[in-house]
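Going down the list, the protein sequences come from chains W and A. Mapping the first sequence onto my numbering, position 200 (from 1) lands on 200, and the numbers just tick up by one. Mapping the second sequence onto my numbering, position 46 (from 1) lands on 1046, and the numbers just tick up by one.
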Amino acid sequence: MTATAEGRLAEVGQARRRREDAHLITGRTLWTDNITLPGMLHLAIFRSPVAHATITNVDVSPARQRQGVVAAFSGADLADDWGPLPMAWTVSEDQKSPPHFPLTADKARFVGDGVAVVAATSREAAVDALEAIEFDFETLPAVVDMEAALGDGLALVHDDVPTNRCFTWRESHGDYAAARDRAEVVLNRRFVNQRLIPSAIEPRSVVVQPSPATSEFTLWSSTQVPHFVQIFLSLTCGIPQQSIRVIAPDVGGGFGSKLDVYAEEALCLTLAQKLGVPVKWTETRSENCQVTIHGRDLLQDVEIAAMRDGTVLGLKVDLTANMGAYLQLLTTCIPLLGRYMYPGIYKFEAHDLSCTGVFTNKTPTDAYRGAGRPEATYVIERIMDELAAELGTDPIELRRKNWIRHDEFPYTTVAGLEYDSGNYEAATARALELLGYDELRAEQERRRARGDVVQLGIGVSTYTEMCGLAPSRWLGKEGYVAGGWEAATVRVLPLGKVEVVTGTSPHGQGHETTFAQVAADALGVAFDDVVVVHGDTRTAPLGLDTYGSRSLAVGGMAIVRASEKIVEKARALAAHQLECDPDDLEFAGGRFSVKGSPDTTKTIQELAFASFVAHDLPEGAAPILTADAVVDPETFSFPHGTHLAHVEVDTETGMVELKQYVAVDDVGKVVNPLVVEGQVHGGVAQGIAQALFEGAVYDEDGNLLTGTLVDYLVPSAADLPSFTTDRTETPSTTNPLGVKGVGEAGTIASTPAVVNAVVDALRPLGVDDVEMPCTPMHVWQAIGAASGGAK
Amino acid sequence: MPRISVTVDGVRHEHDVEPRVLLVHYLRERVGKVGTVVGCDTSNCGACTVLVDGESVKSCSVLAVQADGSEVRTIEGLAAEDGGLHPLQQAFHECHALQCGYCTPGMIMAAVDLLENNPEPSEQEIREGLEGNLCRCTGYQNIVRAVQLAAKAGSREAEAHEEVPV
Chain W
1 MTATAEGRLA
11 EVGQARRRRE
21 DAHLITGRTL
31 WTDNITLPGM
41 LHLAIFRSPV
51 AHATITNVDV
61 SPARQRQGVV
71 AAFSGADLAD
81 DWGPLPMAWT
91 VSEDQKSPPH
101 FPLTADKARF
111 VGDGVAVVAA
121 TSREAAVDAL
131 EAIEFDFETL
141 PAVVDMEAAL
151 GDGLALVHDD
161 VPTNRCFTWR
171 ESHGDYAAAR
181 DRAEVVLNRR
191 FVNQRLIPSA
201 IEPRSVVVQP
211 SPATSEFTLW
221 SSTQVPHFVQ
231 IFLSLTCGIP
241 QQSIRVIAPD
251 VGGGFGSKLD
261 VYAEEALCLT
271 LAQKLGVPVK
281 WTETRSENCQ
291 VTIHGRDLLQ
301 DVEIAAMRDG
311 TVLGLKVDLT
321 ANMGAYLQLL
331 TTCIPLLGRY
341 MYPGIYKFEA
351 HDLSCTGVFT
361 NKTPTDAYRG
371 AGRPEATYVI
381 ERIMDELAAE
391 LGTDPIELRR
401 KNWIRHDEFP
411 YTTVAGLEYD
421 SGNYEAATAR
431 ALELLGYDEL
441 RAEQERRRAR
451 GDVVQLGIGV
461 STYTEMCGLA
471 PSRWLGKEGY
481 VAGGWEAATV
491 RVLPLGKVEV
501 VTGTSPHGQG
511 HETTFAQVAA
521 DALGVAFDDV
531 VVVHGDTRTA
541 PLGLDTYGSR
551 SLAVGGMAIV
561 RASEKIVEKA
571 RALAAHQLEC
581 DPDDLEFAGG
591 RFSVKGSPDT
601 TKTIQELAFA
611 SFVAHDLPEG
621 AAPILTADAV
631 VDPETFSFPH
641 GTHLAHVEVD
651 TETGMVELKQ
661 YVAVDDVGKV
671 VNPLVVEGQV
681 HGGVAQGIAQ
691 ALFEGAVYDE
701 DGNLLTGTLV
711 DYLVPSAADL
721 PSFTTDRTET
731 PSTTNPLGVK
741 GVGEAGTIAS
751 TPAVVNAVVD
761 ALRPLGVDDV
771 EMPCTPMHVW
781 QAIGAASGGA
791 K
Chain A
1001 MPRISVTVDG
1011 VRHEHDVEPR
1021 VLLVHYLRER
1031 VGKVGTVVGC
1041 DTSNCGACTV
1051 LVDGESVKSC
1061 SVLAVQADGS
1071 EVRTIEGLAA
1081 EDGGLHPLQQ
1091 AFHECHALQC
1101 GYCTPGMIMA
1111 AVDLLENNPE
1121 PSEQEIREGL
1131 EGNLCRCTGY
1141 QNIVRAVQLA
1151 AKAGSREAEA
1161 HEEVPV
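Here you go:
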């Protein structure tokens, strides 16, 4: 920790307790569902009970007769009131993007597809009235299996998308065929990255209040992206952008599932406009499981080519990605966001990659914590362990032989991305020490030798990721309709408090605390003098919100830049008032002092007041210490780390117990270690959940069998151990704070670490893969298959 | 419609309620206690946990009419009247045991009951005691630490009481 000129500790690096907590621990919260407005109507949505059907009749008139019902509409009734929901990413020239309307009028394409809506004076009345809606349909065969969907002759989810193929892209770096020819070992595997339900604990909720006098609308939504919602709803609903004010109040978790513009947001806005009164819709958990986006769901065919000494040469990956029934905001780009990460931290000379997107009669997929990068990391870290087993070498040794050494940065990988900095050696050494790796390997040998029923496994994941979704030019080149810059306004108010307005939109990440720490240091003011404003398009009109571990690495830089502008403006004023040259002033600890005359000073807060009264400003200077900045970084930052999992697997029951989990992460400079550790814990837990517990399961008719928290196993405290965490610190070279993202790192790292551990435990039994989640049944099946027994 | 009388956070309320109304909806929509939240519809997540006559209860699994004549304590009534935080609230803040905060009211109320019944729980007892409350942000580690910290604060308080001469 460094001290400022006045002896005050620098804020950056301090484990400040969060400001956000006070209202959250006392229940003084403003969740969207808490909002009640005079005359407010409640919406309930009639959803298709079948996965695939042609709609022949929707009659809502019986519902209109029910007690408390004010209005009811079918998709056809509202067809002229809206355009399609936004789809923001075109990943290939051949991408098919069939329209997706807030309510469907022609066909139902997944269980939960919205068909009609009821507005009533109470939630209960609205739900009751759904029963009266008459819905006639002709069932079509459900398209549930991705590979079968691509065959000829199967039903089509969208009539004008032949063989249900949404897109195919492929790319080639180096000469893979030559690398494969030279290789002494070639390994093939198919990994199944199963479908997940993000399960933020707060269900989504939307409230819209129309102001008929001004033709404006205020929309509260449990969203990560108020700015996206404003701009895209303007396009979908034909309401001018400036007439829609979007507020993200307290938001109860997102993990990507609230990084979207949803049918229900458009529905609420449309009905508030049509009916001229406030409306509200709040999701049930069952609706959340059914209609809020799902994550992952990829088939991953991988081939690795290497020499017997362990040197890796080439990597070939073919992906089949499930889009679900419709394209949501970013559905098609999720595999694309992972495309650079398949080679991981290793020095390959050739890399081929392809991806085919497929429509099925399932819930749409979209960004879920990590979005493409966990999937990529799973492939590379799993196949490295498989290669190590094939070569009979230690998985750490194999990695060490192939990874980018710390003195080789910046390093351009075979996929064409330049990694800024890292020290894989240091993180790995620390992780091995924390786990007690050598002793565990010895214990593993003992158990193997005596054929213990409970086998021990150690799994390794030496991950990296690209984060800080930004460079607008890069995003444009990749087919995204928007940019990735971030904005901030910093104002030193006349009475000395500092207001920081950020265009990011936190929902648990702690920006009110960490961004205040960043601004306090940049301006040399006390942490308690800084407030952070966010999440309202009226007060923070410019911004691109929170996702992709971008808030600090991009949004934080805008705050730094705006603060620098303030300091420069204040410097000119200080020089004027102190009658010296601006270059003769030193700025430290929030105070300008004349070089050589340390008692002649002005604080930035004194200058803010002088600037406000504006009685004596330099010639041509404008009053008020305020500055805006918009920052668009040139590139990403690349956090990395080494995660190790130690499991015990009961070979008779298939039960996996996670005994120990070590995470050593390098996220560059750390603003608030407490917040960083919290992000790592939560991320690791979510990745472990994919490895061991969670999976969305559909039956052959396209019914979601895991449609509640009874059936979909979000782990509880009793299902997880305490994690051992530590950090190494290799500052990023791509931003002035030296920070990297941390929000997704844990999730990216932990899934392969745990599965590698499970497979490692079972390796003596001939097992070389276990289908995720590694439930007792899947483990038992893997053991059975390996021993030639019945599945 | 049955008429019920319920004391919520020290204030007595009388209302006519539909028999089907759940306690959580009664608290949120009739009494205005929106600090208690709904996270699921199968009583798995525990976000709606409150104390009914001192026992932790998932208020989505109780009908409002069943609470007739009861004392209900919610997260909003947990701090002292002077605003002083309950040791668990303080510990959750201190240990960074919350991120988005949506599960926090239920988590804290469940922990209040846990510590009432077991003032010095082991880590495993805490993990099992809070099994009915889901958190998606924290990975639970800091929640466990917070409960341990509050338990320590509680035992110090108990010792202090014992030392008072009779």
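Each residue gets a CB set at the ideal place from its N, CA and C atoms; glycine is no exception.
{"Item": "Spatial distance of Asp-1041 of chain A from Val-1062 of chain A (CA atoms)", "Value": "12 Å"}
{"Item": "Any chain A beta carbon closer than 8 Å to Gly-548 of chain W", "Value": "no"}
{"Item": "Alpha-carbon spacing of Ile-244 of chain W relative to Phe-217 of chain W, whole angstroms", "Value": "5 Å"}
{"Item": "Inter-residue CB distance, Val-649 of chain W and Gln-455 of chain W (contact presumed, cutoff 8 Å)", "Value": "5 Å"}
{"Item": "Asn-1118 of chain A at chain W interface by Cβ criterion, 8 Å", "Value": "no"}
{"Item": "Cβ-based burial, Leu-692 of chain W [other Cβ within 10 Å; buried from 16]", "Value": "buried"}
{"Item": "Val-953 of chain A to Val-277 of chain W span [Cα, whole Å]", "Value": "Past the boundaries of the shown model lies residue 953 of chain A; chain A is included only from 1001 to 1166, so the question cannot be answered."}
{"Item": "Chain A contacts made by the stretch 188-219 of chain W, where a contact means CB separation under 9 Å", "Value": "Pro-198, Ser-199, Ala-200, Ile-201, Glu-202, Pro-203"}
{"Item": "Under 8 Å (Cβ pairs) to chain A, residues found in the stretch 370-390 of chain W", "Value": "none"}
{"Item": "Closer than 9 Å at the beta carbon, the chain A residues around Thr-504 of chain W", "Value": "Under the 9 Å cutoff, chain A gives no residues; its nearest Cβ is about 15 Å from Thr-504 of chain W."}
{"Item": "Where the stretch 24-38 of chain W meets chain A: residues whose CB sits under 7 Å from a CB there", "Value": "Leu-24, Ile-25, Thr-26, Gly-27, Arg-28, Thr-29, Trp-31, Asn-34"}
{"Item": "Rounded Cβ spacing between Val-770 of chain W and Val-758 of chain W (contact assumed at less than 8 Å)", "Value": "5 Å"}
{"Item": "Ordered list of beta strand (DSSP E) runs contained in the stretch 650-682 of chain W, each at least 3 residues", "Value": "656-666"}
{"Item": "Cβ pair Val-229 of chain W, Val-207 of chain W closer than 8 Å", "Value": "no"}
{"Item": "Sequence-distant residues of its chain with Cβ nearer than 7 Å to Met-146 of chain W (five each side left out)", "Value": "Leu-299, Thr-320, Asn-322, Val-358, Thr-360"}
{"Item": "When A:Arg-1012, A:Gly-1077, A:Gly-1010, A:Val-1065 are compared against Glu-1018 of chain A, the one with the closest alpha-carbon", "Value": "A:Val-1065"}
{"Item": "is_contact[Val-710 of chain W, chain A] using C-beta, thresh 8 Å", "Value": "yes"}
{"Item": "Integer Cβ distance of Val-317 of chain W from Val-379 of chain W, believed to fall under 8 Å", "Value": "6 Å"}
{"Item": "Contacting residues, own chain, Cβ-Cβ under 7 Å from Phe-232 of chain W (five flanking each side not counted)", "Value": "Pro-86, Val-261"}
{"Item": "6 Å Cβ shell around Leu-1098 of chain A - same chain, five flanking residues per side excluded", "Value": "Phe-1092, Thr-1104"}
{"Item": "Integer-rounded CB distance, given that Trp-89 of chain W should sit under 8 Å from Cys-333 of chain W", "Value": "4 Å"}
{"Item": "Three-state secondary structure assigned by DSSP to Leu-843 of chain W", "Value": "Chain W is shown only over 1 to 791; residue 843 of chain W falls outside these bounds and no answer can be derived."}
{"Item": "Pro-618 of chain W, buried or exposed, once every other Cβ within 10 Å from all chains shown has been counted against 16", "Value": "exposed"}
{"Item": "Under the three-state DSSP convention, the category Tyr-346 of chain W falls into", "Value": "strand"}
{"Item": "Pair within 8 Å by beta-carbon distance, Ser-705 of chain W and Val-697 of chain W", "Value": "Ser is not the amino acid found at residue 705 of chain W; the sequence shown has Leu there. In this structure, Val-697 of chain W lies closer than 8 Å to Leu-705 of chain W by Cβ."}
{"Item": "Cross-strand partners of Gly-357 of chain W (DSSP beta bridge)", "Value": "W:Phe-167, W:Ala-321"}
{"Item": "Under 8 Å between C-beta atoms of Val-530 of chain W and Ala-519 of chain W", "Value": "yes"}
{"Item": "Cβ pair Cys-1100 of chain A, Cys-1137 of chain A closer than 8 Å", "Value": "yes"}
{"Item": "Anticipated Cβ contact below 8 Å, Leu-78 of chain W with Thr-270 of chain W, distance rounded", "Value": "6 Å"}
{"Item": "Paired residues, beta bridge with Asn-193 of chain W - DSSP", "Value": "W:Leu-298"}
{"Item": "Identified DSSP bridge partners for Tyr-480 of chain W", "Value": "W:Trp-89"}
{"Item": "Continuous alpha helix (DSSP H) stretch holding Val-567 of chain W: start and end", "Value": "557-578"}
{"Item": "Runs of alpha helix (DSSP H) lying entirely within the stretch 579-644 of chain W, each at least 4 residues, in chain order", "Value": "604-613"}
{"Item": "Beta-carbon proximity check, Glu-1076 of chain A vs Thr-32 of chain W, cutoff 8 Å", "Value": "no"}
{"Item": "The alpha helix (DSSP H) enclosing Ile-334 of chain W, as first and last residue numbers", "Value": "334-338"}
{"Item": "Short CB-CB distance (under 8 Å) between Leu-658 of chain W and chain A", "Value": "no"}
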